[in-house]
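Here the structure comes first, spelled out in C-alpha cells, and everything after it is commentary.
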Amino acid sequence: MNLPHDLTLAEKASLTSGSSTWQTTPVDGRVRAITLTDGPHGIRRQDPAAGDALGLNASLPATCFPPAVTLGSSWDPELARRVGAALAREASALGADVVLGPGVNIKRSPLCGRNFEYLSEDPLVSGVMGAAVVAGIQSLGIGACVKHFAVNNQETDRMRVSADVDEQTLREIYLPAFERIVREAAPYAVMTAYNRINGVYASENHWLLTEVLRGEWGFDGLVMSDWGAVNDRVAALAAGLDLEMPPTGTDGQIVEAVTAGRLEESAVTAAAERVIRLVRRVEDARRSAGRDEETPRFDGQGEEPRRFDDWDEDAHHELCRQAARAGAVLLKNDGGLLPLDPAGSQRIAVIGEFARTPRYQGHGSSHVVPTRLDTPWDALRAAAGPGTELSFAPGFTLDGTPDAALVADAVSAAASADTALVFLGLPEAAESEGFDRTTIDLPAGQIALLRAVSAACPRVAVVLANGGVVGVARWQDAASAILEGWLPGQAAGTALADLLFGFHSPCGRLTETIPVKLADVPSHLNFPGRDGHVVYGEGRYVGYRHYDTLDVPVAYPFGHGLSYTRFSYDDLAVVENGGNTWTVEATVTNTGGRSGHEVVQLYVAFEEQAPSRPRHELRGFTKVGLEPGESRRVSFTLTGRDVARWSPSRRGWRIDPGSFVVEVGASSRDIRLRAEVSTAGDGLTDELGPMSTLGEWLAHPVGAELLGARMRRAAGLLDASGGHSALINLALGIPLIKFSTFGIGLTSDVVTELVSAVRNAPAEGAAPDA
Ligand code: BGC
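Each step along the sequence shown adds one to the number in my numbering, with nothing skipped, and position 670 is 913.
What follows is the structure, given as C-alpha cells:
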C-alpha cells in the first residue's frame, strides 16, 4: 500500500496517535479521521471531545445486547454473527467506524471483574464465538477491534501487572482464541492489553505483536493500544503498535527518535500505512453504503449526531431477546418445576428486587444507555394467562442494607403462593471493569431471604443475574430449579418470561465451570498475584481442564445446561481421512416431548496415568434444534492441531504417536459416546544431544538404533539386571554423556559420534497445520 507521497515524518508520526478520545488524526486534505467506539455488547457513542474510557460520561441510546457472558453461553455462532451485524448497523447509524470489541480473554478465575465481557474459560468457545461477532460486525464494513491482546485475565493492577506465563500455556490457552479470529475473520484491528506479559508490556511486546500476530498468524490489520496502555511511545512503535489511543501528545518523541537514529523511519511509515489502510477500508465501506460524508459531530450538550441511516429498534430489541433466551442456562430443574404453565390456574410470588430493577449489563467502558428495558415483573404479568395470579415482593435492597420488613413481606407472599420465583444475583457494585471480586458468594442477605422463602413455599425457582460465576453449593438445596440468566441485556424481562413460561426451552450451556467453592479454582493460590506479578502456576489447567484431570467435584460442569426436553446420542463414527485428519459423526435425537436445542460437544481425551496434558479438551461443538422425535446426524472435522500439543523445546506444535479418545457428549462430565483412535504422530522427534537421557535415546527411532549398535555391552548389563526394574529406571534417567565415567564403553568420543550420527539422519516429518 502507498502512503500519500508528500507526507512528512511529523505527519506520519501524527497518524500513530489519535486526535481525541475516540478519533484518529486527520492529515489535512489527505487522510480523514475515523471514529472508534465501545463495545463490545452495544454502541457507547460519546462526544469525541469529552469522552472517557470508564463509562462516566453520557452516551447516546443504543441497543444493549446481552454481554459476552450471555452471548457466549448460547454456543451459537450464527446468533453471534447476527448480533455483530446489528452492532455494526448501530455503529454506522451513530457515525462510528470501528467497534472496540469483541473481548475474548480467557476466564482464568471467576473473580475477574470483567468476566461478563468475556466469552469462556475455553479457547475454542472464545475463538469461534469471537470470530462470529467479528464476521458480523465487518459484514457491514464496520471494523471490529478484538481485545485485549493478550493475557488480560484480571483487573487488579491491570495497568502494571506482569502475567508470568510459560509459552506452552500461552500457545494452548491464552492465544488460540485470538489466533482463530485473526486467521478466520481477519479483524480490521486488535487492541493490546494494559498488562505486561513476562515482564514486557503488551503494547511494547515485539514477540507478541510482530513475531506472533503478524509473522505467524498473518494479521494485516491495525494494532491499537488500550486506552492509556502505552508507556513508551518509541518502544511501542518499534514493537509493532500502530496507534496510541487516546493521544498523549508525544508524537514529537517519535520524530526525535528517528532523527536521533534510535528508531527506523520505516517503522513509522509502516504504522502510518496501517492507519491509512484502516481509514480507507472504512471509507470504502462508507462509500459503498452511500454515506460518503464526514463523521457527524456530537458535542455532548444535547446536540445529536446526524444519523446516516437508522436501525430498526424493534428488530434489534427482538434480537436481544433471542440472544438473552439462547444464553440463559437451566442449571437444575428437580421434578420438572419449570416451565410454569402460562394458562394454569396458579398463584406465583415474584420475589427479589431484580425482578423489578433488573441487572442486565456490567459496569465500566462497555456500559450502554439502552433504548428501552423489559423488566421481568412486567414481562411475567404480560405473559401470564388470566388464571394466574402474580404478586411481587422486593425481598432485599440493592445496596445490601438489611431490611427485616422486606423479608417478612416476601415470606408472606411466598406462603400464599403455589410457586415462588426468586430473582437473586450480584448487585451492580459487586462486579465491574477496574476491580476483581474477592468472593463468588451471593450477598448473605439474599441467601437468608431464599431460605426463609423456601421454608414458606415448597416450590421455589431461583433466577440468577450475575456477570461472573456465583457459587450455588451453599444454597441450592433451597431451590428446585435454578435458571442462570447471566446479564441478559435490555430484553431481560421478556426473554426470562419466555423461558419460565416455556414458550421456549432453555438452550444455553455453561462456558465456564461453576466450582463448589472458590478454593477449588485452579488459579486460587496465584490470583491476583502480588508485587506486580501474577504467576500462572496452574499452567494449562484452567477451568474444566483442571477439574476433570484431577476429578475435583464441581457444582456444575463446563458445557452443562438442561432443557425442557431430552436428547439421546447414538452411532458414533470416526473416519480417518489421512494426514492426521478425521471426520467424527454422531446422531442426536430429541427423545422428550418438547422442541429444544442441544449443544453437542466434541472432546479429545488423553488418558494418562501421570497427566502430562489436560485429560480432555473441547475440540468442536454444534447447536442443533430438534422437534420431539427428530434426529440429526452431526459431523465434526478433527485436524492434527486438535490433537497436537505445543512443544516448548521445539517451539512448535507436535503430534505424539499413540492413541487418543474421541468423546461426544452434553458436557465435560456427561460424555455419551467414545471411540479410541490412533495416530502415527507427525514423525517429529526431539533433537538428541549428549545430555539427553538414556530413556530419551531409546525412545527415539534413530537414536535407539544407533545406540543399540554401539552399546551391546550396556544393553547386556541392562538385560543382566533381570527383574531389577529399579536399576533400569535409574539408568533410563541418566544423561548419555554421564555413562562415559561408568566404564561401559560409552566414552565421550562415542557419545559425540552418536550425537552427530543422529543429527545427520534423514529429515523428519512435517509439523501439524495451524
Ligand atoms: C478498556 C477497553 C475500552 C477502552 C475505551 C479501556 O479502559 O479496557 O476495553 O475499549 O477503555 O473505552
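For each residue, glycine too, the CB sits at the ideal point set by N, CA and C.
As the structure is a computational prediction, the values presented were derived from the model and not from experiment.
Whole angstroms is fine: what's the gap from P283's alpha carbon to E333's? Looking up residue 283 in the sequence shown gives position 40. Looking up residue 333 in the sequence shown gives position 90. Cα-Cα distance, rounded: 12 Å.
Would you say P585 and F744 are within 8 Å of each other, going by their C-beta atoms? For this step, residue 585 is matched to residue 342 along the sequence shown. For this step, residue 744 is matched to residue 501 along the sequence shown. Taking 8 Å as the Cβ cut-off, P585 and F744 qualify as a contacting pair.
My guess is that L975 and T928 are in contact by the Cβ rule of under 8 Å, so how many angstroms apart are they, rounded? What you label residue 975 is simply residue 732 of the sequence shown in a count that begins at 1. What you label residue 928 is simply residue 685 of the sequence shown in a count that begins at 1. About 17 Å separates the two Cβ atoms, so there is no contact after all.
Is L343 a contact residue of ligand 1, with contact defined as CB to any heavy atom under 7 Å? To locate residue 343, count along the sequence shown from 1; it is residue 100. Within the cutoff, so yes.
From A222 to F462, what does the alpha carbon distance come to, in whole angstroms? The chain is shown only over 244 to 1013; residue 222 falls outside these bounds and no answer can be derived.
Tell me the rounded alpha-carbon separation between Q719 and L616. Start at 1 with the first residue of the sequence shown, and residue 719 comes out as number 476. Start at 1 with the first residue of the sequence shown, and residue 616 comes out as number 373. So the two alpha carbons sit approximately 29 Å from each other.
Within the present structure, is the beta-carbon of G379 separated from the nearest heavy atom of ligand 2 by less than 7 Å? No copy of ligand 2 occurs in the structure displayed; its ligands are ligand 1 alone.
Residue interval of the alpha helix (DSSP H) (run including I277): To locate residue 277, count along the sequence shown from 1; it is residue 34. Element bounds for I277: n/a, residue is neither H nor E.
Taking DSSP as the reference, what is the three-state secondary structure of R773? As a first step, residue 773 is located in the sequence shown; it is residue number 530 there, counting from the start. In the three-state DSSP reduction, R773 falls in the strand class (E or B).
Would you list the one or two residues that DSSP bridges to N833? Numbered from 1 along the sequence shown, position 590 holds the residue referred to as residue 833. Answer is F810.
What does the alpha-carbon distance come out to for the pair H789 and A420? What you label residue 789 is simply residue 546 of the sequence shown in a count that begins at 1. What you label residue 420 is simply residue 177 of the sequence shown in a count that begins at 1. So the two alpha carbons sit approximately 19 Å from each other.
Going by Cα to Cα distance, which pick from A658, V612, A648 is closest to S211? Since the first and last residues shown for the chain are 244 and 1013, residue 211 lies out of range.
From what residue to what residue does the beta strand (DSSP E) around T880 run? For the purposes of this step, residue 880 is taken as residue 637 along the sequence shown, with counting starting at 1. That run of the beta strand (DSSP E) goes 874 to 881.
Nearest-angstrom Cα distance between F879 and N348? Counting from 1 along the sequence shown, the entry for residue 879 is found at position 636. Counting from 1 along the sequence shown, the entry for residue 348 is found at position 105. Going from the Cα of F879 to the Cα of N348 covers about 25 Å.
First and last residue of the alpha helix (DSSP H) that includes K255? Residue numbering aside, residue 255 sits at position 12 when the sequence shown is read from its first letter. K255 -> alpha helix (DSSP H) spans 252 to 258.
To the nearest angstrom, how far is it from the Cα of R530 to the Cα of A339? The residue labelled residue 530 in the question sits at position 287 within the sequence shown. The residue labelled residue 339 in the question sits at position 96 within the sequence shown. Answer to the nearest angstrom: the Cα atoms are 14 Å apart.
Bridge partners of S675, per DSSP? Against the sequence shown, residue 675 aligns to sequence position 432. Beta-bridge pairing links S675 to F678.
Can you list, in chain order, the stretches of the alpha helix (DSSP H) that have 4 or more residues and sit fully within the stretch 678 to 731? List check, alpha helix (DSSP H) in window: 687 to 699.
Could you check which residue in T614, H767, S260 has the C-alpha nearest to that of I497? One-based indexing of the sequence shown puts residue 497 at position 254. Residue S260 is the option with its Cα nearest to I497.
According to DSSP, is E841 part of a helix, a strand, or is it coil? If you number the sequence shown from 1, residue 841 lands on position 598. E841 falls in the strand class under three-state DSSP.
Tell me the residue span of the beta strand (DSSP E) that contains N820. Within the sequence shown, numbered from 1, the residue matching residue 820 stands at position 577. Going by DSSP, N820 is part of no beta strand (DSSP E) at all; its letter is neither H nor E.
Distance check for R273 and T251, CA to CA, integer angstroms please. Numbered from 1 along the sequence shown, position 8 holds the residue referred to as residue 251. Numbered from 1 along the sequence shown, position 30 holds the residue referred to as residue 273. So the alpha carbons of these two residues sit roughly 12 Å apart.
Measuring alpha carbon to alpha carbon, tell me which of G587, V994, V593, L739 ends up nearest R564. The residue given as residue 564 occupies position 321 in the sequence shown. With distances taken between Cα atoms, R564 lies closest to L739.
Endpoints, alpha helix (DSSP H) assigned at Q852: Position 609 of the sequence shown, counted from the first residue, corresponds to residue 852. It is not in any alpha helix (DSSP H) - Q852 carries neither H nor E in the DSSP assignment.
Any non-hydrogen atom of ligand 1 closer than 7 Å to W318 Cβ: Working through the sequence shown from its first residue, we reach residue 318 at position 75. Checking every heavy atom of ligand 1 against the Cβ of W318, none is found closer than 7 Å.
C-alpha distance - L869 paired with R875, whole-angstrom precision: Counting from 1 along the sequence shown, the entry for residue 869 is found at position 626. Counting from 1 along the sequence shown, the entry for residue 875 is found at position 632. If you take the alpha carbons of L869 and R875, they lie about 8 Å apart.
Do the stretch 832 to 848 and the stretch 893 to 901 make contact, defined as three or more Cβ pairs closer than 8 Å? The stretch 832 to 848 vs the stretch 893 to 901: no contact.
Exposure of M467, with buried meaning 16 or more beta-carbon neighbours within 10 Å: Sequence index remark: in the sequence shown, residue 467 carries index 224 (1-based). By the neighbour-count rule (16 or more Cβ atoms within 10 Å), M467 is buried.
Determine the direct distance from the alpha carbon of P686 to that of T640, and round the result to whole angstroms. What you label residue 640 is simply residue 397 of the sequence shown in a count that begins at 1. What you label residue 686 is simply residue 443 of the sequence shown in a count that begins at 1. Between T640 and P686, the C-alpha separation is close to 11 Å.
Hey, would you say the C-beta of K866 is under 7 Å away from at least one heavy atom of ligand 1? The residue you call residue 866 lines up with position 623 of the sequence shown. Flag unset: Cβ of K866 not near ligand 1.
Verify whether the separation of the beta carbon atoms of A528 and I385 is less than 8 Å. The residue you call residue 528 lines up with position 285 of the sequence shown. The residue you call residue 385 lines up with position 142 of the sequence shown. In contact: A528 and I385 (Cβ atoms closer than 8 Å).
Can you tell me where the beta strand (DSSP E) holding G865 begins and where it ends? Counted from its first residue, the sequence shown places residue 865 at position 622. The residue asked about is misnamed: residue 865 is Thr in this sequence, not Gly. It spans 859 to 869 - the beta strand (DSSP E) in which T865 sits, taken as one unbroken run.
Relative to the C-alpha of A478, which candidate in A636, H767, R505, G951 has its C-alpha closest? Within the sequence shown, numbered from 1, the residue matching residue 478 stands at position 235. Comparing C-alpha distances from A478 to each of A636, H767, R505, G951 shows the shortest one belongs to R505.
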